[in-house]
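Undergrad: In numbering that gives the first Met the number 0, the protein residues as written are 0 to 316. A virtual CB, placed ideally from N, CA and C, is assigned to each residue, including glycine. The following block contains the structure, expressed as structure tokens.
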Amino acid sequence: MDAMLLISLILTGLILALIIKGLMIVQQSEAVVIERLGSYNKTLSPGVNWVIPFIDRPRAIKVRRYQAIDGQNVPVVLEETRIDRRETVLDFPGQAVITADNVSVTVNGALYFQVIDPERAVYQTENLIQAIEILAKTSLRSEVGKMELDKLFESRQEINDKLQLVMDEAGNKWGVKVTRVEIQDINIPVEVEDAMRKQMAAERERRALVLRASGEREAAIAQAEGEKRSNILVAEGEKEAAILMAEGQRQAIDKVLAAGGERLDPQLVIGYLLGLEYLKTLPDIGKEGDRIFLPYEASSVLGAVGSLEALLKNTQK
0 MDAMLLISLI LTGLILALII KGLMIVQQSE AVVIERLGSY NKTLSPGVNW VIPFIDRPRA
60 IKVRRYQAID GQNVPVVLEE TRIDRRETVL DFPGQAVITA DNVSVTVNGA LYFQVIDPER
120 AVYQTENLIQ AIEILAKTSL RSEVGKMELD KLFESRQEIN DKLQLVMDEA GNKWGVKVTR
180 VEIQDINIPV EVEDAMRKQM AAERERRALV LRASGEREAA IAQAEGEKRS NILVAEGEKE
240 AAILMAEGQR QAIDKVLAAG GERLDPQLVI GYLLGLEYLK TLPDIGKEGD RIFLPYEASS
300 VLGAVGSLEA LLKNTQK
């Protein structure tokens, strides 16, 4: 009886030990790939799971990560049996890339991915992180090599979108979803940076000169337009003044002829009026003290003024 009880206790202990050994608790956002006798059996979901001890074993996945050692990021390959299904960021170090115009730049990028299918992540690639990193680097080098340096700085989003398409195509096979790719830094050589700074300064100066020349051109056009309008107004004023003056002279001739009747010669009246204009301008001619020469006909005109004036007085009497 004692032997049977002992055997029962031993068997019970072994069964409990097997049950406890087979229990596996999987945390939230984790997954475990189980192999049975070397082949894939199932993927454990979060919670309490039971596997057959010594027959079912978790398959480890190789993960390449970077660790800071002596101030440098050193790649370290680890084997983990629990697959993290959360979104993970891969900040791979900067790499030298040559642009389309043969300028060597260093590009530092970051990649965000998430394991969607743990089975594919384990069996479709030997080192998941390394495969993603190398594909991202080669794709980045290919896209940057198609662009010139000036366009590179303004095409970051375009490069990110193209890289994400390439990574998605490969990630579907590996059971990985690449959520986004970001270019963090673009470092250029010092001499190229100095040349770009000088080019930017020259471009700003050129724009300033263009704006200044455009302003001066518009000002000259406005000034010429103003002078044109001013000349037009002056000409119109002189025209109207001449018309009014001619009208006044015509009315003066008509009055003189009306006053003299038929005894007055129209040519004599016109000479009379011209003589009056000479008399009005004589005080202003010699103001500067210069010697003035009058035309010979002026003496006859002035004589006609005196004779016509005497004739008009006799007519009025």
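#1: Would you grab the beta carbon distance between I97 and G144 for me? Rounded to a whole angstrom, and I think it's under 8 Å.
#2: Which value, in whole angstroms, describes the spacing of the CA atoms of P52 and A16?
#3: According to DSSP, which residues form a beta bridge with V73?
#4: Measure the alpha-carbon distance for R58 versus V32 and round it to whole angstroms.
#5: On the CB-based measure, 16 or more other CB atoms within 10 Å of its CB, does W173 come out buried or exposed?
#6: The beta strand (DSSP E) that contains G12, what's its start and end?
#7: Per DSSP, which one or two residues make a beta bridge with R35?
#8: Under a Cβ-count criterion, where at least 16 other Cβ atoms within 10 Å of its own Cβ denotes burial, should I147 be classed as buried or exposed?
#9: Could you pull the start and end residues of the alpha helix (DSSP H) that R140 belongs to?
#10: Take the Cβ of E153 as the centre, count every other Cβ of all protein chains shown within 10 Å, and call the residue buried at 16 or more, exposed below.
#11: Using a Cβ-Cβ cut-off of 6 Å (strictly less than) and excluding sequence neighbours within five positions of P74, which residues of its own chain qualify?
#12: With DSSP collapsed to three states, give me the class of Q113.
#13: Taking Cβ positions, are A30 and S44 nearer each other than 8 Å?
#14: Take T42 and list the residues in its own chain whose beta-carbon comes closer than 8 Å to its own, dropping the five residues that flank it on each side.
#15: To the nearest whole angstrom, what separates the beta carbons of I131 and L162, a pair I think is in contact under 8 Å?
#16: Quick one: residues in its chain with C-beta nearer than 8 Å to the C-beta of V165, no 5 flanking neighbours on either side, listed in chain order?
#17: Tell me whether Y295 sits in a helix, a strand or coil according to DSSP, three-state version.
#18: Using the Cβ count rule (16 or more neighbours within 10 Å means buried), how would you classify V189?
#19: Could you tell me the alpha carbon to alpha carbon distance between L5 and L13, rounded to whole angstroms?
#20: Which two residues bound the contiguous beta strand (DSSP E) that contains G46?
#21: Can you check which of these residues, D149, M195 and S229, is closest to L99 by C-alpha distance?
#22: Taking the alpha helix (DSSP H) that D160 belongs to, which residues open and close that run?
#23: Is it buried or exposed, V209, if we count other Cβ atoms within 10 angstroms and call 16 or more buried?
#24: Work out the CA separation of V25 and G93 for me, nearest whole Å.
#25: Taking the CB atoms as reference points, tell me whether R179 and Y111 lie closer together than 8 Å.
#26: Per DSSP, which one or two residues make a beta bridge with V177?
#27: Using CA coordinates, which residue listed in L151, T80, I19 and A219 is at the minimum distance from I182?
TA: The answer reads as follows:
#1: Residue 97 sits at position 98 when you count from the first residue of the sequence shown. Residue 144 sits at position 145 when you count from the first residue of the sequence shown. Their Cβ separation, rounded to whole angstroms, is 6 Å, which keeps I97 and G144 in contact under 8 Å.
#2: On the sequence shown, residue 52 is found 53 positions in, with the first residue counted as 1. On the sequence shown, residue 16 is found 17 positions in, with the first residue counted as 1. When rounded, the distance between both Cα atoms is 10 Å.
#3: Position 74 of the sequence shown holds residue 73. BP columns for V73 point to Q66.
#4: Position 59 of the sequence shown, counting from 1, holds the residue named residue 58. Position 33 of the sequence shown, counting from 1, holds the residue named residue 32. Distance between the alpha carbons of R58 and V32: 6 Å.
#5: Translated into positions along the sequence shown, residue 173 becomes position 174. Buried, by the Cβ-count rule.
#6: Locating residue 12 in the sequence shown gives position 13, where the first residue counts as 1. Not the beta strand (DSSP E): G12 falls in the alpha helix (DSSP H), residues D1 to G21.
#7: Numbered from 1 along the sequence shown, position 36 holds the residue referred to as residue 35. Per DSSP, S38 and D55.
#8: Here residue 147 refers to the residue found at position 148 of the sequence shown. Going by the sequence as given, residue 147 is Glu instead of Ile. Result: exposed.
#9: Reading the sequence shown from its first residue, position 141 is the one you call residue 140. Element bounds for R140: L127 to V143.
#10: Reading the sequence shown from its first residue, position 154 is the one you call residue 153. Result: exposed.
#11: In the sequence shown, the residue the question calls residue 74 occupies position 75. Cβ within range, chain order: R63 and Y65.
#12: By 1-based counting over the sequence shown, the position of residue 113 is 114. Three-state result, Q113: strand.
#13: Along the sequence shown, one-based indexing puts residue 30 at 31. Along the sequence shown, one-based indexing puts residue 44 at 45. In contact: A30 and S44 (Cβ atoms closer than 8 Å).
#14: Within the sequence shown, residue 42 is the residue found at index 43, counting from 1. Answer for T42: A30, V31, V32, I33, P117 and E118, listed in chain order.
#15: As a first step, residue 131 must be located in the sequence shown, where it is residue number 132. As a first step, residue 162 must be located in the sequence shown, where it is residue number 163. That belief does not hold up - the Cβ atoms of I131 and L162 are roughly 11 Å apart, past 8 Å.
#16: Along the sequence shown, one-based indexing puts residue 165 at 166. Taken in chain order, the residues that qualify are L134 and S138.
#17: Numbered from 1 along the sequence shown, position 296 holds the residue referred to as residue 295. Below a pLDDT of 50, predicted positions are generally treated as unreliable, and Y295, at 45, falls in that range; the measurement from the model is reported next regardless. Note: Y295 maps to coil in three-state DSSP.
#18: As a first step, residue 189 is located in the sequence shown; it is residue number 190 there, counting from the start. Classification for V189: exposed.
#19: Position 6 of the sequence shown, counted from the start, is the residue given in the question as residue 5. Position 14 of the sequence shown, counted from the start, is the residue given in the question as residue 13. For L5 and L13, the distance between alpha carbons rounds to 12 Å.
#20: To locate residue 46, count along the sequence shown from 1; it is residue 47. Looking at the DSSP string, the run of the beta strand (DSSP E) that includes G46 is G46 to W49.
#21: By 1-based counting over the sequence shown, the position of residue 99 is 100. Reading off the sequence shown, one finds Ala at residue 99, where the question assumed Leu. For the residues D149, M195 and S229, the minimum Cα distance to A99 belongs to D149.
#22: Looking up residue 160 in the sequence shown gives position 161. First-last of the alpha helix (DSSP H) with D160: R155 to W173.
#23: For the purposes of this step, residue 209 is taken as the residue at position 210 of the sequence shown. V209 comes out exposed.
#24: In the sequence shown, counting from the first residue as 1, residue 93 sits at position 94. In the sequence shown, counting from the first residue as 1, residue 25 sits at position 26. If I take the Cα positions, the gap works out to 36 Å.
#25: For the purposes of this step, residue 179 is taken as the residue at position 180 of the sequence shown. For the purposes of this step, residue 111 is taken as the residue at position 112 of the sequence shown. Yes, they are a contact pair.
#26: Sequence index remark: in the sequence shown, residue 177 carries index 178 (1-based). V177 pairs with F112.
#27: Here residue 182 is taken as the residue at index 183 of the sequence shown, counted from 1. Considering only alpha carbons, the answer is L151.
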